[in-house]
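Reading through the structure tokens given below for one structure.
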Amino acid sequence: MLSIQTLGTMTKDKVAYYTELAATGYYTEAEEPAGQYFGKLASVLNLDQKAVTQEDLLELAKGFDTKGKALVANAGDEHRMGIDLTFSAPKSVSVCFGLAGTELRTAIQKAHESAVKAALTYAEQNFIQVRHGFEDNQQRRMINTGNALFALFEHGSSRSNDPLLHTHAVLLNFSQVKNGEFRCLEAPDLFNYKKALGALYRAELANQLEALGLKTEADEEFFKVTKVPDELCKLFSKRSNEIHDLLQEGGFTRANAKLKQNAALFTRQAKTHQSRETLYKNWAVEAEQISTWKPEQAFTKDRNQNKVDTEKLLESLTEKKSLFTYPDFLEQVFIHFQHAGLSSREAEEFAKATLESKAIRRIQHPQAGICYTTEQQYQLEMSFYKEMTEYLDRWRTAHARCPAFLPAWL
Numbered sequence: 012m013l014s015i016q017t018l019g020t021m022t023k024d025k026v027a028y029y030t031e032l033a034a035t036g037y038y039t040e041a042e043e044p045a046g047q048y049f050g051k052l053a054s055v056l057n058l059d060q061k062a063v064t065q066e067d068l069l070e071l072a073k074g075f076d077t078k079g080k081a082l083v084a085n086a087g088d089e090h091r092m093g094i095d096l097t098f099s100a101p102k103s104v105s106v107c108f109g110l111a112g113t114e115l116r117t118a119i120q121k122a123h124e125s126a127v128k129a130a131l132t133y134a135e136q137n138f139i140q141v142r143h144g145f146e147d148n149q150q151r152r153m154i155n156t157g158n159a160l161f162a163l164f165e166h167g168s169s170r171s172n173d174p175l176l177h178t179h180a181v182l183l184n185f186s187q188v189k190n191g192e193f194r195c196l197e198a199p200d201l202f203n204y205k206k207a208l209g210a211l212y213r214a215e216l217a218n219q220l221e222a223l224g225l226k227t228e229a230d231e232e233f234f235k236v237t238k239v240p241d242e243l244c245k246l247f248s249k250r251s252n253e254i255h256d257l258l259q260e261g262g263f264t265r266a267n268a269k270l271k272q273n274a275a276l277f278t279r280q281a282k283t284h285q286s287r288e289t290l291y292k293n294w295a296v297e298a299e300q301i302s303t304w305k306p307e308q309a310f311t312k313d314r315n316q317n318k319v320d321t322e323k324l325l326e327s328l329t330e331k332k333s334l335f336t337y338p339d340f341l342e343q344v345f346i347h348f349q350h351a352g353l354s355s356r357e358a359e360e361f362a363k364a365t366l367e368s369k370a371i372r373r374i375q376h377p378q379a380g381i382c383y384t385t386e387q388q389y390q391l392e393m394s395f396y397k398e399m400t401e402y403l404d405r406w407r408t409a410h411a412r413c414p415a416f417l418p419a420w421l
């Protein structure tokens, strides 16, 4: 899944949350670099070969480069730091990661990293914007720059110290326009396309895991690794169980996302940091109490058929409403490709071709703007409209001799 959070103005505590954990080597058996830079601006700012340090991130978070030169007009303590995009692997993947041997664990980490970077590349190409023009100019508009700087920090556990493979991608609050200047970000589309980006990440992750030999299967709009016991997933979901129990006590049997978020904040406790080596040993001991299953048992020769049911995909778009937006469309495409174990690149190509095909109609909605519907749904709606108008015509004809009984709207 993907969660997105704005970080507000820079503070040392916010930066330390990302850098201090990595700097202690907490996330691996041995010491590990603090993090890595990603995005086109990494090379522009000569950061592509550097590990993230607390000193450098403090400067970047304030809108300066790592040498202290201001990049944006409002650089300083009041500059907004940026946005945290957190990509979390499905619980079954994290269970495999936590209980696997070194070789498989490393392969799962690489698959996760590749999926995160695929999603960030798509976001960088399509959703990174700045404002163009002067404050008093009515023609002032947002433009796509196609470049960004992310600081990536991989974490391996939850606040309850359960296996939870996830990456914090800190998007720094600046981008470069064609004349070489840097400007602060405008990122409404990151939030508008949040579900689509999360589905893209999962599609790429499922594809990478399939390539390793781990079979995946649909789990509603998500996926899971086949053969991972449910009892292990439940065992290593202490935070989710805690939130669920709190909501149950409050009588909320069907909580929405906002309620779950509030419950998560209410039950949040400070994390006790342990080395990954210690965590791996603890997880193995915990798992052995209820199951003898090992991640190596998830390997299979029975691979997914790597086929997407286009008809089923199109039907899902209008299952609950007649019109859908482009973010809705992308989300469903990535979800279906995730279930088929196909790559995010293949999903992108399919989305482009399908949107240009006769299977999809573009609609200009008076309030919502540009929307879409399927050709099948359009023809169905038109048949309803035709039947209704024909019925009204017959009704008018039948009551023409008694105009007093005709409603005003007829």
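Sequential numbering of the sequence shown, starting at 12, is according to the working numbering.
C-beta atoms are modelled at their ideal positions from N, C-alpha and C, and glycine is treated no differently.
Excluding five sequence positions before and after Phe49, the CB atoms of its chain that fall closer than 7 Å to its own CB belong to Lys128, Leu131, Phe161 and Leu163, given in chain order. If you check the CB distance, Val181 and Asp95 come in under 8 Å. Closest option to Ala122, judged by alpha-carbon separation, among Met399, Thr64 and Leu225: Leu225.
Cys382 sits in a strand when the DSSP states are folded into three classes.
Nearest to Phe98 by C-alpha distance, out of Glu231, Ser186, Leu403 and Leu13, is Leu13. If you check the CB distance, Leu175 and Ser186 do not come in under 8 Å. Straight-line measurement puts the Cα of Tyr337 at about 15 Å from the Cα of Glu326. Straight across, the Cα-Cα distance linking Tyr402 with Thr408 is about 10 Å.
In the DSSP assignment, the residues bridged to Lys235 are Glu228. The segment 198-205 makes contact with the segment 132-141, as at least three CB pairs between them are under 8 Å.
Per DSSP, the unbroken beta strand (DSSP E) holding Ser14 starts and ends at Leu13 to Thr17. Excluding its 5 nearest sequence neighbours in each direction, Asn317 has C-beta neighbours in its own chain below 7 Å: Ala351, Gly352 and Leu353, listed in chain order. DSSP places Pro199 inside the alpha helix (DSSP H), whose first and last residues are Pro199 to Asn203. With at least 16 other beta carbons inside 10 angstroms of its own, Thr384 counts as buried. Where His123 is concerned, the enclosing alpha helix (DSSP H) starts and stops at Thr113 to Asn137. Under DSSP, the beta-bridge partners assigned to Asp95 are Gln16 and Val181.
Unbroken alpha helix (DSSP H) runs of no fewer than 4 residues, entirely contained in the segment 47-72, are found at 51-55 and 65-72, following chain order. Closest by C-alpha distance to Gln47, out of Lys205, Glu124, Gln375 and Lys292, is Glu124.
DSSP, reduced to helix, strand and coil, places Ala217 within a helical segment of the structure shown. Within the same chain, Cβ atoms closer than 8 Å to the Cβ of Ile301 are found at Glu242, Leu243 and Leu246, the five residues on either side in sequence being excluded. Residue environment for Lys363: exposed (fewer than 16 other C-beta atoms within 10 angstroms of its C-beta).
Contact annotation: Lys51 and Ala159 have beta-carbon atoms nearer than 8 Å. Only residues of its own chain outside the window of five on either side were considered, and among them Ala118 have a CB closer than 6 Å to the CB of Leu223, listed in chain order.
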